[in-house]
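To convert, take the position in the sequence shown, counting from 1, and add 591; that gives this note's numbering.
The C-beta atom is built at its ideal place from N, Cα and C for all residues, glycine as well.
Just so we're clear, the structure is a prediction, and the values are computed from it rather than from any experiment.
Read through the structure below, which is laid out as structure tokens, and then see the notes.
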Amino acid sequence: MAVNKCIKYSLFFFNLLFWISGCIILGVSIYLKVSKDNNKITDVAVPGIDLLIAIGVIIMVLGFLGCCGAIKENKCMLLLFFVGLLLIFILLLAAGILGAVGEEKSKEWVREKLQELLPLSGQPADVQTDLQTLEEKAKCCGLINGPQDWGSNIPSSCSCTDTSAACETVNGKNVYKTPCIQFVTDFMQQHLTVALGIAFAIAVVMLFGMAFAMTLYCQIGKVESSTA
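Written out as structure tokens, the structure is:
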């Protein structure tokens, strides 16, 4: 009795693609981590770059184990691959459920993190610069309460240049009325939706990987028992 070659090579190519996807995730995550264009304000809402790096490394390791286990018909590697996929699948499922039902808690967490940046006038120059860039882009002013978050020194980035936006006069200046927390929470929600979609797609692929791995594992066991 021989191992099914179709399952063997299907699992090998599946894990090769899995390993390549891990490389891509790791490369993109590292690029985002070291990129000097990252905005410290929006980083508060999407703090998962380090997590993406960890996921990329784990996927690369699992892909390597799966490839070697399939091509060498190694039961130990296949079992490690299966257990690894199962653990990640459970974590993705739990994260998906928490992300779906904990939207309001996530927004509250972001609000608490942004609240720590007040008053804005006491923040380092790079944080203030990032916020001013965000204000110009999102047509907002301040973080939580609006222009008063800046105190008496409201920057020019708050100047209302778009008549279609909500504006108000503060200290003789026509500035945007809407605080930037709305933009930040919307930014978080968009990224959360994309992340949940990717997690769901990976979870579906993992089910196929686990099925292939366990089928090949059982076949190898039967071959070993028949030749013993």
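Residue environment, residue i, which counts as buried when at least 16 other CB atoms sit within 10 Å
i: Phe799; result: exposed
i: Ile688; result: exposed
i: Thr760; result: exposed
i: Leu807; result: buried
i: Gly737; result: buried
i: Pro746; result: buried
i: Cys749; result: buried
i: Ala802; result: exposed
i: Leu642; result: exposed
Three-state secondary structure assigned by DSSP to residue i
i: Met592; result: Per-residue confidence for Met592 stands at a pLDDT of 47, beneath the threshold of 50, marking its modelled position as unreliable; the derived number appears in the next sentence. Coil at Met592, not helix or strand.
i: Leu705; result: helix
i: Ser750; result: strand
i: Pro738; result: helix
i: Glu664; result: coil
i: Asn744; result: coil
i: Gly733; result: coil
i: Cys771; result: coil
i: Ser755; result: coil
Residue interval of the beta strand (DSSP E) (run including residue i)
i: Lys764; result: Lys764 to Tyr767
i: Cys758; result: Cys758 to Val761
Opening and closing residue of the alpha helix (DSSP H) in which residue i lies
i: Thr545; result: Nothing can be reported for residue 545: it is not among the residues displayed for the chain, which extend from 592 to 819.
Beta-carbon proximity check, residue i vs residue j, cutoff 8 Å
i: Ile680; j: Gly657; result: For clarity, residue 680 is Phe in the given sequence; the question names Ile instead. No, these two residues do not count as a Cβ contact at 8 Å.
i: Cys771; j: Leu708; result: no
i: Ile662; j: Phe603; result: yes
i: Gly618; j: Gly654; result: no
i: Thr776; j: Cys731; result: no
i: Leu711; j: Leu734; result: yes
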